[in-house]
Amino acid sequence: MKHLLYIFLVLATLLTGLYLLPKHTPLFEYYRLRPVFEVATIVFLIGVLCLYGREKRQVKMIFSRLSQKNIFLDLAIQCGGIYIWEFKDEEFFFEYPVGDQSPRIELEEMWRLIHPDDLTAFKLLWQSLWKADKEVFQCRARFAGSDYKWWEFRFSAMPALDNAERGKDVSGILININDMKKREKELILMRGYEQKFLANMSHEIRTPLNSIVGFSNLLVSEKDLEEPDKQLFAKTINQSCDLLLVLINDILEISRLQSGQMKFEKESCSVKELVDDLYLAHQLLVPTHLRFSKEAEGDLFIYTDKKRLSQVITNFLTNACKFTNSGYIKLGFKHLRGTDEAAIFVEDSGIGLSEEQQEKVFSRFFKQDEFSQGAGLGLSICQGIVQNLGGRIALSSKQGEGSRFSVVLPVYKGGYA
């Protein structure tokens, strides 16, 4: 580039020399130098045209790259739930409409869109923005519909270029961070689960282990134990071992559900046959002071994992026995009229659940009786299994009157007899 400039300077000097020749220069001198100046002029013009073409191509390439980057930026903004805005004359101007809102939102209207709990902090930040350059604020607002969602405002205030009296121009971006907040809440919840899990397990595992170790030592050290005492100690040890196995199995089950490694083998299954088998299996397990009955309505067929479904119903029956002191336990199924769904239920006349307990009953480590044995994972595992089977658990309960837990699954091929 420097060499070209030197050449043009030389040519420009020659051209200048042509016009600066004295007026009384001899004619033969003028005509002798004229071809040189003409050639120099032509070369100069060609050089100018070449430079112009080169600069034009470079400018075109730069604009092409900028256009491409703008397209990529536009796509990123649209896909990322990001909205560009600027604030002028008491109005927000958005490049794209935010949900159902107009691209133009007056300041007072913006105040109405912000959640009341976040509005005061938002106003204070807005007022301080004129003294600062940049601010970031997260709040709940209802831009896209009637529900409040989490959004993040990123402000930037710069001196106004077109009107110095206006002070500063404010612009920024609005980012939908609702999904991020949900994940953040889930992580906090999981951290709480982890802490609760460690606290529960340290207690739940220590109790049966202490029992096993204590009674085992007694059996070994006490030589004069009578046979009934030995049998009692051995029975207690066995019960503690069973409890430990249940705890370990629950931990493994919840881990498999979480990682998606729990296997399901689905097949066509008769609901009547499933309920009959469960009823027979629990005849001797339900306390004798409770009435244990069965309620069947024709027959239904579902496509499910029979073993996993039996595991869920067995958990319902075990809980019914645990929390029913008198009255009855009923196992049954029915076709939900007006739908293609079957409901397999366990109903009892036990202590029932309050509305607050019903909201928490499927949460991990929830225990209706904090002093009862168990990790509080049973119903959480049941819910995970049923969801993987393509169904849902329905709960109807009233404190002091009893509960009904139902597994609702789609009927297989509309089969109903």
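Here the sequence shown is numbered in the numbering used here, starting from 1063 and rising by one per residue.
For glycine and all other residues, C-beta sits at the position ideal for the given N, C-alpha and C.
The model shown is predicted, which means the values in this text are computed figures rather than measured ones.
Determine the direct distance from the alpha carbon of L1393 to that of F1354, and round the result to whole angstroms. Residue 1354 sits at position 292 when you count from the first residue of the sequence shown. Residue 1393 sits at position 331 when you count from the first residue of the sequence shown. Their Cα atoms are separated by approximately 8 Å.
Since Q1200 sits in a beta bridge, which residues does DSSP pair it with? Here residue 1200 refers to the residue found at position 138 of the sequence shown. Looking at the DSSP assignment, Q1200 forms a beta bridge with E1214.
Measuring only the C-alpha atoms, how far is V1337 from V1374? Locating residue 1337 in the sequence shown gives position 275, counting from the first residue. Locating residue 1374 in the sequence shown gives position 312, counting from the first residue. So the two alpha carbons sit approximately 12 Å from each other.
S1026, enclosing alpha helix (DSSP H) - first and last residue: This structure cannot speak to residue 1026, because the chain is shown only from 1063 to 1479.
How many Å lie between I1455 and L1362 at the Cα? Your numbering for residue 1455 matches position 393 in the sequence shown. Your numbering for residue 1362 matches position 300 in the sequence shown. The alpha-carbon atoms of I1455 and L1362 are separated by roughly 18 Å.
With C-beta atoms as the reference, is H1351 less than 9 Å away from L1379? Along the sequence shown, one-based indexing puts residue 1351 at 289. Along the sequence shown, one-based indexing puts residue 1379 at 317. No, Cβ-Cβ distance for H1351 and L1379 is not below 9 Å.
Candidates N1300, P1290 and D1286: which alpha carbon is nearest V1275's? Translated into the one-based positions of the sequence shown, residue 1275 becomes position 213. Closest by alpha carbon: N1300.
Using a threshold of 9 Å, state whether the C-beta atoms of S1411 and E1359 are closer than that. Numbered from its first residue, the sequence shown carries residue 1411 at position 349. Numbered from its first residue, the sequence shown carries residue 1359 at position 297. No; because the gap between Cβ atoms is not below 9 Å, this pair is not in contact.
Considering only the beta carbon of each residue, do S1233 and F1215 sit closer than 9 Å? Along the sequence shown, one-based indexing puts residue 1233 at 171. Along the sequence shown, one-based indexing puts residue 1215 at 153. No, the Cβ-Cβ distance between S1233 and F1215 is not below 9 Å.
Using only alpha-carbon positions, find the residue among F1184, P1178, F1199 and K1258 that is nearest to F1428. Reading the sequence shown from its first residue, position 366 is the one you call residue 1428. Comparing Cα-Cα distances from F1428 to each of F1184, P1178, F1199 and K1258, the minimum goes to K1258.
Endpoints, beta strand (DSSP E) assigned at K1392: As a position in the sequence shown, residue 1392 is number 330, starting the count at 1. Counting along the chain, the beta strand (DSSP E) containing K1392 begins and ends at Y1390 to L1398.
Tell me, to the nearest whole angstrom, how far the beta carbon of I1235 is from that of I1144; I am working on the premise that it is less than 8 Å. Translated into the one-based positions of the sequence shown, residue 1235 becomes position 173. Translated into the one-based positions of the sequence shown, residue 1144 becomes position 82. Rounded, the Cβ-Cβ distance is 5 Å, consistent with contact.
In the structure shown, what three-state DSSP assignment does S1468 receive? Here residue 1468 corresponds to residue number 406 of the sequence shown, with the count starting at 1. In this structure, S1468 counts as strand in the three-state DSSP scheme.
If you reduce the DSSP assignment to three classes, tell me which class F1090 lands in. Here the question's residue 1090 lines up with position 28 in the sequence shown. Low confidence applies to F1090: its pLDDT is 45, below 50, so where it sits in the model is not reliable, and the reading given next is rough at best. Three-state DSSP puts F1090 in a helix.
Quick check: what's the CA-CA separation for C1331 versus T1366? Sequence index remark: in the sequence shown, residue 1331 carries index 269 (1-based). Sequence index remark: in the sequence shown, residue 1366 carries index 304 (1-based). About 7 Å.
Considering only residues of the same chain and omitting the five flanking positions on each side of C1112, which have a CB-CB separation below 8 Å? Taking the sequence shown and counting its residues from 1, one reaches residue 1112 at position 50. Around C1112: no qualifying Cβ.
Per the DSSP calculation, D1338 is bridged to which residue(s)? As a first step, residue 1338 is located in the sequence shown; it is residue number 276 there, counting from the start. Bridge partners of D1338: none, in fact.
Do you know whose CA, among S1190, L1169 and W1213, lies nearest C1201's CA? Locating residue 1201 in the sequence shown gives position 139, counting from the first residue. Closest option to C1201, Cα to Cα, is W1213.
Run of the beta strand (DSSP E) containing L1457, from where it starts to where it stops: For the purposes of this step, residue 1457 is identified with residue 395 of the sequence shown, where counting begins at 1. Element bounds for L1457: R1454 to K1460.
For T1376 versus L1340, is the C-beta spacing smaller than 9 Å? Start at 1 with the first residue of the sequence shown, and residue 1376 comes out as number 314. Start at 1 with the first residue of the sequence shown, and residue 1340 comes out as number 278. Yes, these two residues count as a Cβ contact at 9 Å.
Collapsed DSSP secondary structure at A1404 in the structure displayed: Residue mapping note: residue 1404 aligns to position 342 of the sequence shown, counting from 1. It is a strand residue.
Looking at R1370 and F1326, is the spacing between their C-beta atoms short of 9 Å? Locating residue 1326 in the sequence shown gives position 264, where the first residue counts as 1. Locating residue 1370 in the sequence shown gives position 308, where the first residue counts as 1. Cβ atoms of F1326 and R1370: closer than 9 Å.
Grab the span of the beta strand (DSSP E) containing E1385 for me, first residue to last. Residue mapping note: residue 1385 aligns to position 323 of the sequence shown, counting from 1. Residue 1385 is actually Phe in this sequence, not Glu. Note, F1385: premise wrong, no beta strand (DSSP E); not H, not E.
Bridge partners for C1350 per DSSP, in chain order? One-based indexing of the sequence shown puts residue 1350 at position 288. Residue identity differs from the one stated: residue 1350 is Thr in this sequence, not Cys. Paired residue(s): none; T1350 is not in a bridge.
Assuming contact is defined by CB atoms lying nearer than 9 Å, are E1484 and I1443 in contact in what I supplied? There is simply no residue 1484 to check, as the chain begins at 1063 and stops at 1479 in what is shown.
I1146, enclosing beta strand (DSSP E) - first and last residue: Taking the sequence shown and counting its residues from 1, the one referred to as residue 1146 is at position 84. Note, I1146: beta strand (DSSP E), I1144 to K1150.
Closest Cα partner of D1241 within the set Y1210, G1254 and P1270: As a first step, residue 1241 is located in the sequence shown; it is residue number 179 there, counting from the start. When each option's Cα is compared against that of D1241, the closest is Y1210.
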